[in-house]
Each structure stands twice: as C-alpha cells, then as structure tokens.
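Chains as they are written, first to last, in UniProt numbering: chain L, 1 to 329; chain P, 1 to 329.
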DNA sequence: ATGAAAGCGCTAACAT
DNA sequence: ATGTTAGCGCTTTCAT
C-alpha cells in the first residue's frame, strides 16, 4: 500500500542501501544510478518515512519548544523567529503551552524527550529544579530564550535586562521623577529581580536610596493593568516601568478614565516591545527588545549545539535600544 | 546507555511483551506482575521511545498544524484553543508557518505526512489543488479551521461569514449608511467572496443594488490600514467592514490624523475579534468570532476522525454574535 | 496471563 | 560504487 524504500530498490534494480544513499545525498553513487533511482522515486511517488528514519539514525530533525502561551504576542513573536530559522535548517517544531505551570513544563519536557527531539527551546518559564535535573540527565541540547535566565549554565539568549532597567530608571530619575513603580508580570522572577537591581543601581548612581522610592506591583494583562491604576495614584507614582505591554495599555487607559494627564502626571515605559505599543494612542515608550531575533538567534544556537559544533559563547546577549515615544517626557 | 524495554523486561524477569502490555494499559496482566514491572520502570527511570513506538504501531500521537503566521493574534488564538484540546487527548502538535505561500503550504503538508502525523489541521490558507490532491492520496485526516472554506468536502469548522456580513451590512444600510467599503486581508478569498455575497444580499433586501454602493479595498495590517484611509475619504465611504483587526486600528488612527469624527463620519466594524479591538480607544465594534473555540472544536473533530469514530457532520458551524462598541452608531 | 518472534521502514557498518 | 545485513526500540499476532 504505502511505498517503501524496498519497493524503490526493487523497481530500480538496486539495493536499499543505494536508494538510501541517493536519499541522503551520499556522493558515493554513480550519476546514472542516481538518476535511475530518482526516476523511480518520482514514478512511485515515494516519500521516506521520517519515523523509521528517526529510529534508525537517532535523529528526528524536530525540536521541541516549551512556551508559556502561544497566544501572547511576546511569545508568539519569539516563536515566529525561531520557527523561521528552524525551517531554514530543515527542522520541524513541536510546541507546548505551559502557562508557566511547573508541572506542565516538566511534562512537556519529558514528552519531548520521549519523542526523541534533537533539541529543546524554552521560552520564558522558570525552570524549576526538577526540569533542571531532567535536562542534566537527558543530555538533550537545550537553549533558553528571552527569559533573562542566565544564572545557570544552560545556553541562553537574552538582552541585558539589568542594563536596560538601569538606563530607563536612570533617565527618569535624572529628569526628577523618582517615585517609580515597577510593574512585574511573573514572566521570569529572575529577570525581574535583575531589573530591580538595575533600577536600584540607577538610584544609587544618582545619589538616592532606591528602597525609599521604588515600589512594585504585579499586572500581567490589560485588565490587571487597569485595576492597579488606583494604587499607582494612591502611592503618588509618577512613572511606571512595566513588563507586559498589555498591562501598560491597561494602565494607560486607567489613566484616561481617571482623567490623569500622561506623560505630564504619569510616565509609562513598557518592556516587551510587541507591536501593540505603537498601536495605541499615545504610543507607549518601550525598551526595544528584538523579539524575533531573540528567537531566531536562539534557534541558530541550538542548531549548532545539535550539530556538536563549537560555540564561542553559550550565553549570548543581543543589543537593545530604548524607544522614547509619547508616554515619556 | 539509554534504558529500553528490553532492560525492563530482563530486570523484571518477564518478556518484552508483558512490559509493553503494562505500558499500554492492557488489562491482560496479573496485578502483581503489573506492579513488579512498574517498580522496575520507576527504578530504571525508563521512558518509552515514542519514535520506535510510532514505527511499530503506525501511530505517532502528533498532529500537524499548518498556519499562515503564528505571530498573528488571530491565528495564535486559534492555535491556543487547538493545542489545549490536543494536550487533553495526549497529542503533541507540530506547527509550520506558511505566510499563505502555496509552495510552503504544500511543503509543510508533505513534511508532516512523512513524519507520519496522525492528523493535520489547516488554519486559514487557500488550499490550492496540489495540496487538495495530496490530501486525497495521503489519506491523513484533515480539518480546516476558521478559514471559511466550506466548498470542498474536507471537514471544517467555521462561523457563517455570509450571515455575519449580511447582518452587519444590513444594520448599516438600515441606518442609512450605504457607502460601505469592505476591507479584505487576503486571509481567505473564499471567505471574503462569501462575505461580499452576504453584503450584497443585505443591499438587495433593503431594496438597493449592492454594486452601486459597495466597494472593496485590501489591507491586512496596521500600516496598510492607515494607508488606505485617504481612499476611503476620496470615495466618500461612511462605513468600513474590515477583516483584519490591525487594519481596522490603522484605519481608526488614520481617521484621527485626518481629524475625521468616528463614528459620526465613518463607522468601523472589524471581523477578527482578537483582543486588540477592546484595547484601543474608541473600542472597535466587531463580529465576535469565537477564535479559541474554533480551534478547540476543530481539534476535537480531528481526534474523532483519527479514532475513526462516527461524526454526524464534518462541517460544523459555530455561533457568533456582533459586538457593537464605539466605532458604530 | 505470559512469551516468542516477526516485523515497522529505515540507516550504517562492513564487505566486495 | 554497490550490496548484505544487522540493528534502532517498540507493538502485535500467534502460541501456549
């Protein structure tokens, strides 16, 4: 019924090995033989069974992607970058959503390993010790993208969130706005704590103690952003640095509803840089994180790891810039 | 090195067949034997090789998803719904982006088939005859989600875009605004032509000839939406029905820049219903397409198809509603 | 309830 | 340059 390599071999009057060779571009095949085999392949409309191939070769040309939520613009931008590069190198990707749930994360990892993926990419996520342990024992190449995790020895690609936060806060402080609220989203605790350190450093350099001024709130989506607006007012904040773009928009609209002038009374800078920030009015100032590139570079790194090529750094840091738009003075 | 079913069998002093049985929940295993085997599995930390399993059983518990662009909010919402259900039924999903390119689409399909996926879901896309042919010959269950394709006999799930367009246009016309522009996005020509039919029917029912009033423009993203705003003005449009939410926002902002009052001078209704429509001001009226459900129901349908269960309809139509917000009068 | 053995469709030595 | 053959790690008859 389904045509196999054996059928092709028989029809072409060669051995399976030869068919396999032309399939895999092995140069040790006489051109005429190659042509003969190719003709039969076309005639029979033969398509190699990738599963059998995977079992025999121990390579599946598929990589797993573990992602908090594909419908989040931040992650889907990363995913797109990553898939484009994967396609370029002839890898397919299996995507699993975890909603940051450690159980789901571990499950996803184990599933992928049992599917014999050649490599795994983590986007965001917290990587609890269970998974860390699994990574260790499974010996699958893993890279972490855009989560700010750089404390362990797993290859990763990020921007320098510490510096970004420091720069943003520094600019704000220099302009005299010291009552900053950092609005976290729970994407990555590690990244967020790095950013807090950066901000405190900015205070320090300006001669202030960050603890006297900086406060923290949590809001990961639009509704939550609107919700916390009151608190920002109550605490006399005059600037927010917010991880989630959607939360930033929520805050923006919360401000509209309260009749608060922005950026005069409250400045907003977001940190995810999805295309949302330029699709609202006023346009939101943001840290220009190269989302697509983060994914693309991560996948490129993974291809090298899977090929056992030498890599100079397993911790790559992409440049970022800061786009001051209309929610900052 | 890697522990196989054979190792488990040896350690548990049973045959591979028995181990396989406990692995697959076959009831024909004495409880004590089952326990013994399970203990060894835990002790050795054995994980079945899904590739070998796939080769032997001809089932891979993975389904392919062919999608125009995962970073498009519309598709990623569908994808999320679909993946949630897939996870529920223990399927993994391989995602491929095609940018609506027929070549890429065909390639993706062929790749998935060679990976022996148990089923394939198409989101959007045009399904040219090549692919249609491949679907025919490969005999893989396929379902199409949210693309409005219902002209062929491939199982699909959609809303009734014809009715939705008719309803929206009808309301507009009844209110006296007849100069409508339908802004397409090229997502699905078929869906768009169905919608045009619906709109014309609405004119008809109101006693007008749609051809005298209806015009069409194309804009699939924010920038394009802003760009075409001039044309809308030049053609004295007083309402737009637009496929892409981002284009709708572009038009909205184009209006702001031209100082055009909305909805007084121009009404906007979008048709994708991503969460963007409520994240801009004014909020955009839209056809409330149940994106997540479209994906979820599609995947559920596919699981039935893969199980060779009886399905009553292979063409399911989900209900929709229309949310009149602030860009309509 | 359990075991033996024949594949699943391919790759990769090893021979020639 | 080509063929032979032994797996890859599992499922699945078929016996018992």
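Just so it is clear, CB atoms sit at the ideal spot from N, CA and C, and this is done for glycine as well.
What do you reckon, are the CB atoms on residue 123 of chain P and residue 67 of chain P nearer than 8 Å?
Yes, the pair counts as a contact, with Cβ atoms nearer than the cut-off.
Hey, residue 147 of chain P and residue 100 of chain P are a contact pair by Cβ (cut 8 Å); roughly how many whole angstroms apart?
So it is not a contact: roughly 10 Å between Cβ atoms.
When we look at the beta-carbon of residue 87 of chain L and count the other beta-carbons within 10 Å, is it buried (16 or more) or exposed?
Buried: at least 16 other Cβ atoms inside 10 Å.
From the DSSP output, read off the bridge partner residues of residue 66 of chain P.
In DSSP, residue 66 of chain P forms a bridge with P:96, P:122.
Please classify residue 39 of chain L: is it buried, with 16 or more other beta-carbons within 10 angstroms of its beta-carbon, or exposed?
That one is exposed.
Using C-beta distances below 6 Å, list every residue in its chain close to residue 228 of chain P, excluding the 5 sequence neighbours before and after it, in chain order.
Closer than 6 Å at the Cβ level, and outside the excluded window around residue 228 of chain P, lie 217, 219.
Cβ of residue 71 of chain P less than 8 Å from any chain L Cβ?
Taking Cβ atoms only, chain L reaches closer than 8 Å to residue 71 of chain P, which makes this a yes.
Mapping DSSP to helix, strand and coil, what is residue 218 of chain L?
Residue state, collapsed to three classes: strand.
Mind pulling the chain L residues with CB within less than 8 Å of residue 83 of chain P?
70, 95, 96, 97, listed in chain order.
Anyone know if the C-beta pair for residue 49 of chain L and residue 92 of chain P falls short of 8 Å?
No, the Cβ-Cβ distance between residue 49 of chain L and residue 92 of chain P is not below 8 Å.
Could you confirm whether any beta carbon from chain L is found closer than 8 Å to the beta carbon of residue 263 of chain P?
So, not an interface residue.
Just mark residue 274 of chain P as buried or exposed, buried being the case when its beta carbon has 16 or more other beta carbons within 10 Å.
Buried, since its Cβ has 16 or more Cβ neighbours within 10 Å.
Along chain L, in chain order, which residues have C-beta atoms closer than 8 Å to that of residue 47 of chain P?
The answer, in chain order, is 110, 113, 114.
So what does DSSP say about residue 140 of chain L, is it helix, strand or coil?
It is coil, neither helix nor strand.
DSSP three-state call for residue 323 of chain P: helix, strand or coil?
Residue 323 of chain P: strand per DSSP, three-state reduction.
CB-CB under 6 Å to residue 291 of chain L, same chain, minus the five flanking residues each way: which ones, in chain order?
For residue 291 of chain L, where only same-chain residues beyond five positions count, the Cβ hits under 6 Å are 77, 78.
Go through its chain and collect everything with a Cβ distance to residue 236 of chain L's Cβ below 6 Å, but skip five positions before and after it.
179.
Mind pulling the chain L residues with CB within less than 7 Å of residue 60 of chain P?
Neighbours of residue 60 of chain P on chain L, chain order: 51.
What residue ranges within the segment 172 to 240 of chain P form continuous alpha helix (DSSP H) runs of no fewer than 4 residues, ordered along the chain?
As far as the segment 172 to 240 of chain P is concerned, its whole alpha helix (DSSP H) runs of at least 4 residues are 189 to 205, 210 to 213, 222 to 227, 229 to 234.
When DSSP labels each residue in this structure, what does residue 114 of chain L get in the three-state scheme?
It is helical.
Is it a yes or a no for the segment 284 to 300 of chain L touching the segment 308 to 326 of chain L, going by three-plus beta-carbon pairs under 8 Å?
At 8 Å Cβ cutoff, the stretches touch.
I'd like the span of the beta strand (DSSP E) that includes residue 29 of chain P, first residue to last.
Counting along the chain, residue 29 of chain P falls outside any beta strand (DSSP E), and DSSP gives it neither H nor E.
Name, please, each residue of chain L whose Cβ falls closer than 7 Å to the Cβ of residue 76 of chain P.
The answer, in chain order, is 70, 71, 76.
Between residue 311 of chain P and residue 155 of chain P, what straight-line distance do the alpha-carbon atoms span, to the nearest angstrom?
Approximately 10 Å, taken between the alpha carbons.
Could you give the residue range of the alpha helix (DSSP H) that holds residue 380 of chain P?
Only positions 1 to 329 of chain P appear in the structure, and residue 380 of chain P is not among them; the question remains open.
Which residue wins for smallest C-alpha separation from residue 207 of chain L, given the options L:170, L:215, L:232?
When only C-alpha atoms are compared, the closest one is L:170.
Are the C-beta atoms of residue 79 of chain L and some chain P residue less than 8 Å apart?
Yes, contact with chain P.
In chain order, what residues of the same chain lie with their CB nearer than 6 Å to the CB of residue 185 of chain P, ignoring the 5 residues before and after it?
Hits under 6 Å: 220, 243, 244.
Hey, how far is the Cα of residue 166 of chain P from the Cα of residue 201 of chain P?
Rounded to whole angstroms, residue 166 of chain P to residue 201 of chain P spans 7 Å at the Cα level.
Which of the three DSSP states, helix, strand or coil, is assigned to residue 41 of chain P?
It is helical.
Rounding to the nearest angstrom, what Cα-Cα distance links residue 143 of chain L and residue 176 of chain P in this structure?
Near 58 Å, if we compare the C-alpha coordinates of residue 176 of chain P and residue 143 of chain L.
Shortest alpha-carbon distance to residue 256 of chain P belongs to which of L:281, L:256, L:267, L:259?
Comparing Cα-Cα distances from residue 256 of chain P to each of L:281, L:256, L:267, L:259, the minimum goes to L:281.
Buried or exposed: which applies to residue 108 of chain L, given that a residue is buried once 16 or more other Cβ atoms fall within 10 Å of its Cβ?
Buried, by the Cβ-count rule.
Looking at the ligand FAD, does it come within less than 7 Å of residue 269 of chain L, judged from the CB to the closest heavy atom?
Although the ligand FAD was asked about, the structure shown includes no ligands whatsoever.
Measuring only the C-alpha atoms, how far is residue 298 of chain L from residue 104 of chain L?
If you take the alpha carbons of residue 298 of chain L and residue 104 of chain L, they lie about 22 Å apart.
When the distance is taken between beta carbons, is residue 239 of chain L closer than 8 Å to residue 356 of chain L?
There is no way to answer for residue 356 of chain L, as the model of chain L reaches only from 1 to 329.
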